[in-house]
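Chemist: What follows is a single structure, and I will ask about it in a moment.
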Amino acid sequence: MSSVVVEHLSKTFGAADALHSTNLAIASGEFVVIIGPSGCGKSTLLRLIAGLETPSAGRIEIGGRDVTAVEPADRGIAMVFQSYALYPHLSVAQNIAFPLRMAKLPKQVIADKVAAVAATLELEALLDRRPSTLSGGQRQRVSIARAIVRDPAVLLLDEPLSNLDTALRVRMRHEIARLHQRLGATMIYVTHDQVEAMTLANRIVVMAQGRIEQVGAPLDLYRAPTSIRVAAAIGSPAINLLPVRIVRAEPTVVTVALPDGGICRIDAVVPQTTVDAPATLGVRPEHLHPDPLGVFGGQVELFERLGPLSFAHLGHGGDTAHLVAQLPHNRHVVLGETLRFAIAASDALLFDGAGAAY
Ligand code: ATP
1 MSSVVVEHLS KTFGAADALH STNLAIASGE FVVIIGPSGC GKSTLLRLIA GLETPSAGRI
61 EIGGRDVTAV EPADRGIAMV FQSYALYPHL SVAQNIAFPL RMAKLPKQVI ADKVAAVAAT
121 LELEALLDRR PSTLSGGQRQ RVSIARAIVR DPAVLLLDEP LSNLDTALRV RMRHEIARLH
181 QRLGATMIYV THDQVEAMTL ANRIVVMAQG RIEQVGAPLD LYRAPTSIRV AAAIGSPAIN
241 LLPVRIVRAE PTVVTVALPD GGICRIDAVV PQTTVDAPAT LGVRPEHLHP DPLGVFGGQV
301 ELFERLGPLS FAHLGHGGDT AHLVAQLPHN RHVVLGETLR FAIAASDALL FDGAGAAY
């Protein structure tokens, strides 16, 4: 097990700032998931930690040792790629054994380790096969086996499940969670998948434009995002964001006017000077409760039933704003029907003009 610390880590490609003076401390044994929009620098951060890219500035520590100038093979890390990156001409057993052969371990030690890892990942029956004869899920299990066979202190995973179908993703997600519990290795995992982030992570790192926006436990980020970017990055369906105007600021309660003129009171602390200022109200779909007198609502444009959960997409106030509400599972909905909703004052989030949470 090993901690990972990056300090003022930067990477520029030509004029482009892929990563901007980033600080992050990951505890030994922690499972950290990095999310953020395409191009925000997730893979760059991972590849810098792996040693596959050279930093433009800053330093990297693994297990208390400065590894900024250390070769990838000597960092005590292993990496799993979206593309599996298996050797096509080698059998599954030879692929898994490859890093051990490179390290020139004795034959019997290699055989024992390969057998142990194959058992962990249920690959025993496939050891003589070539990668081309395996399914996507099996290939990814082989690439994970190859990564963990050297007992890396830190396992880096770059969108490892992206190429798998939904059912396999769910299974592999469970396998990775079990693997983490079993190995106790520090894991750093890049994904676009909300569910992977929420279920696997001890902490989630939300990135945007080459910077870390916020780091925290999944539920803390969900309940208390510090910016619109983080609020929008966490939760599915996404949080509703409505342009509002602050009309009254009391010590712990703010009154805002909605786009259609409705008035809503929410728990937040804002300076008196913000009265009359534009702001953004954030309301999660599950926090909209059906209420005929509620100030939120609109005509049902789309209705989605996802097993036990149902969501109504509503046209809001005649403009382009759009509201998604989670409905009680037995609620029958007709397209075009008008639905009204209310929220609890404590459930709403309020953001200032620059997108920072009040
Ligand atoms: P995605 O989710 O699409 O994989 P990401 O968040 O992992 O994106 P990075 O791959 O880290 O993003 O890229 C960050 C920025 O750096 C992007 O603008 C990308 O185009 C740029 N970049 C990454 N690698 C290189 C490279 N080798 N040469 C030039 N620019 C690069």
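If you count the sequence shown from 1, position 248 lands on 248 in UniProt numbering, and the numbers rise without skipping. Note that beta-carbon positions come from the ideal geometry of N, C-alpha and C, so glycine has one too.
What first and last residue would you give for the beta strand (DSSP E) that runs through Ser-83?
Modeler: Here residue 83 is taken as the residue at index 83 of the sequence shown, counted from 1. Neither: Ser-83 is in no beta strand (DSSP E) and is coded neither H nor E.
Chemist: Based on Cα-Cα distance, which residue from Arg-47, Asn-23, Ser-56 lies nearest to Pro-72?
Modeler: Taking the first residue of the sequence shown as 1, we reach residue 72 at position 72. Measuring from the Cα of Pro-72, the nearest candidate turns out to be Arg-47.
Chemist: Could you give the distance in angstroms between the alpha-carbon of residue 367 and the alpha-carbon of Met-207?
Modeler: Since the displayed the chain opens at 1 and closes at 358, residue 367 lies outside it and no answer follows.
Chemist: List in chain order: all unbroken beta strand (DSSP E) runs of 3+ residues lying wholly within the stretch 174-198.
Modeler: For the stretch 174-198, whole beta strand (DSSP E) runs of length 3 or above, ordered along the chain, are 186-190.
Chemist: Please list, following the chain, all residues that have a C-beta closer than 6 Å to any non-hydrogen atom of the ligand ATP.
Modeler: Going by the Cβ distance cut-off, the answer is Phe-13, Ala-16, Ala-18, Gly-36, Ser-38, Gly-39, Cys-40, Gly-41, Lys-42, Ser-43, Thr-44.
Chemist: Do three or more CB pairs link the stretch 322-332 to the stretch 279-289 at distances below 8 Å?
Modeler: Yes: the two stretches touch, three or more of their Cβ pairs being nearer than 8 Å.
Chemist: Nearest CA to the CA of Tyr-87: which residue from Ser-143, Leu-100, Asn-240?
Modeler: Indexing the sequence shown from 1 puts residue 87 at position 87. Closest by alpha carbon: Ser-143.
Chemist: Grouping DSSP H, G and I as helix and E and B as strand, with all else coil, what is Pro-243?
Modeler: Along the sequence shown, one-based indexing puts residue 243 at 243. Strand.
Chemist: Taking all protein chains shown into account, decide if Phe-351 is buried (16 or more other Cβ within 10 angstroms of its Cβ) or exposed.
Modeler: Taking the first residue of the sequence shown as position 1, residue 351 is located at position 351. Buried, by the Cβ-count rule.
Chemist: For the alpha helix (DSSP H) holding Lys-113, just list the boundary residues, first then last.
Modeler: Mapped onto the sequence shown, residue 113 falls at position 113. Here the alpha helix (DSSP H) through Lys-113 covers 107-120.
Chemist: State the Cα-Cα distance for the pair Leu-309 and Ala-147, rounded to the nearest angstrom.
Modeler: Within the sequence shown, the letter at position 309 stands for residue 309. Within the sequence shown, the letter at position 147 stands for residue 147. Spanning the two alpha carbons is a distance of roughly 38 Å.
Chemist: Ignore the nearest five residues each way along the sequence and tell me which others in Ala-115's own chain have a CB closer than 7 Å to its CB.
Modeler: Taking the first residue of the sequence shown as position 1, residue 115 is located at position 115. Cβ within range, chain order: n/a, list empty.
Chemist: Would you list the residues sitting across from Val-269 in a DSSP beta bridge?
Modeler: Start at 1 with the first residue of the sequence shown, and residue 269 comes out as number 269. DSSP lists no partner for Val-269.
Chemist: Are three or more beta carbon pairs between the stretch 93-109 and the stretch 32-41 nearer than 8 Å?
Modeler: These segments do not touch.
Chemist: Indicate whether Leu-156 and Ile-49 have their beta-carbon atoms separated by less than 8 Å.
Modeler: Within the sequence shown, the letter at position 156 stands for residue 156. Within the sequence shown, the letter at position 49 stands for residue 49. Yes, the pair counts as a contact, with Cβ atoms nearer than the cut-off.
Chemist: Just how far apart, CA to CA, sit Arg-59 and Ala-18?
Modeler: Residue 59 sits at position 59 when you count from the first residue of the sequence shown. Residue 18 sits at position 18 when you count from the first residue of the sequence shown. The alpha-carbon atoms of Arg-59 and Ala-18 are separated by roughly 16 Å.
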